[in-house]
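Undergrad:
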Amino acid sequence: MEWKNIYRGMLMGASDVVPGVSGGTIAVVLGIYDRLIAAVNGLLSKDWKKHLSFLIPLGIGVLTAIFVLASGIEFLFEHYPRPTQFSFLGLIIGVLPYLFHKSEAKYKFKVNHYFLLLFGIVLVASMLFFKASGTEEVTTMSIQTYGFLFLAGFIASAAMILPGISGSFLLLVLGAYNTIINAISELKLDIIAVVGIGIAAGIVIMSKVIHYFLSNYTTATFAVIIGLVIGSVFVIFPGWPTSITEAIVSIITFGLGLFVAFILGRVEYKNV
């Protein structure tokens, strides 16, 4: 078992709780994105034990963060939204040099790859124009409601595994975010189970699509991924600080994010 994946999973899980931040982006930051996709796809292969030893600690970390850290993350976003979001901005911007290096963009990117990169940026940045509707908590359950929550989990998880696209943000747009967060905090097992099945199905199917493109169109896929990550900067950017104190704290948290990205780049990318 790769037990250090627990802390990686905790980072991914904590980010998935926050609308606007993608767990897939954090996987890219950690340098495990392509391996994560390969591991999910390899569960039905003869090497399933090896892939399971990678995924189990990661899953433990994700679930731990969702159930334990969700309230803390929500507290930070509620009371210190700008400094918290600037820390994520620093983290995401800080990983871009490693992404360009890993994709060998300097040598392999052609004109069509830059168009794909631009497509990724526009795709994620366009989420700024969507407004969440129907975000009130659902209290009366029916077969239709369970079906809706399954579909919401499926769509959100497909987004979670794509860098730059926030699963939580899509849940907000679909109107299921409050219901699911409340179910997690109050341990409503029926809702958690239905959404969990939808999430698992979405991850398996979407990972197969991404794995195909990573295997057959590596450079083009990296171009889109880099675009998705850059696009997430526009979605997460909370606006400029409104006071000197907030500006100073935001600069510090932004710098902290850059520093963490630098450290992860030095440590994680050497070990993957």
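Numbers 32 to 303, taken from my numbering, label the letters of the sequence shown in order. Even for Gly, the Cβ is constructed at its ideal location relative to N, Cα and C. As the structure is a computational prediction, the values presented were derived from the model and not from experiment.
Within 10 angstroms of the Cβ of I222, are there 16 or more other Cβ atoms? Answer buried if so, exposed if not.
TA: Buried: at least 16 other Cβ atoms inside 10 Å.
Undergrad: Quick one: any contact between the segment 54-67 and the segment 120-140, if contact means 3 or more CB pairs under 8 Å?
TA: Flag = yes, the segment 54-67 and the segment 120-140 touch.
Undergrad: Taking 8 Å as the threshold, find out whether the segment 212-221 comes into contact with the segment 246-260 through three or more Cβ pairs.
TA: No, the segment 212-221 does not touch the segment 246-260.
Undergrad: Do you know how far the Cα of A292 is from the Cα of T115?
TA: Computed Cα separation, rounded: 15 Å.
Undergrad: Identify the continuous alpha helix (DSSP H) that holds A70 and give its terminal residues.
TA: Element bounds for A70: 64-72.
Undergrad: In the DSSP assignment, find the alpha helix (DSSP H) that holds Y129 and state where it starts and stops.
TA: Counting along the chain, the alpha helix (DSSP H) containing Y129 begins and ends at 112-133.
Undergrad: Hey, H242 and A69: beta-carbon distance below 9 Å or not?
TA: Yes, the pair counts as a contact, with Cβ atoms nearer than the cut-off.
Undergrad: Specify the secondary structure class of V271 as computed by DSSP and reduced to three states.
TA: First, the amino acid is wrong: residue 271 is Trp here, not Val. Coil.
Undergrad: Along the chain, where does the alpha helix (DSSP H) that runs through W34 open and close?
TA: Note, W34: premise wrong, no alpha helix (DSSP H); not H, not E.
Undergrad: Taking only the alpha-carbon atoms, compute the straight-line gap between T284 and A278 and give it to the nearest angstrom.
TA: Taking the straight line from one Cα to the other gives about 10 Å.
Undergrad: Which one of V266, S281, I267 has the shortest CA to CA distance from T24?
TA: Nothing about residue 24 can be reported from this structure: the residues present for the chain run from 32 to 303 only.
Undergrad: Where G206 and I234 are concerned, what is the direct C-alpha to C-alpha distance, given to the nearest angstrom?
TA: Distance between the alpha carbons of G206 and I234: 20 Å.
Undergrad: At which residue ranges does the segment 141-220 contain complete alpha helix (DSSP H) runs of 4 or more residues, listed in the order of the chain?
TA: Entirely contained in the segment 141-220, the alpha helix (DSSP H) runs reaching 4 residues are, in chain order, 142-156, 174-191, 198-205, 208-216.
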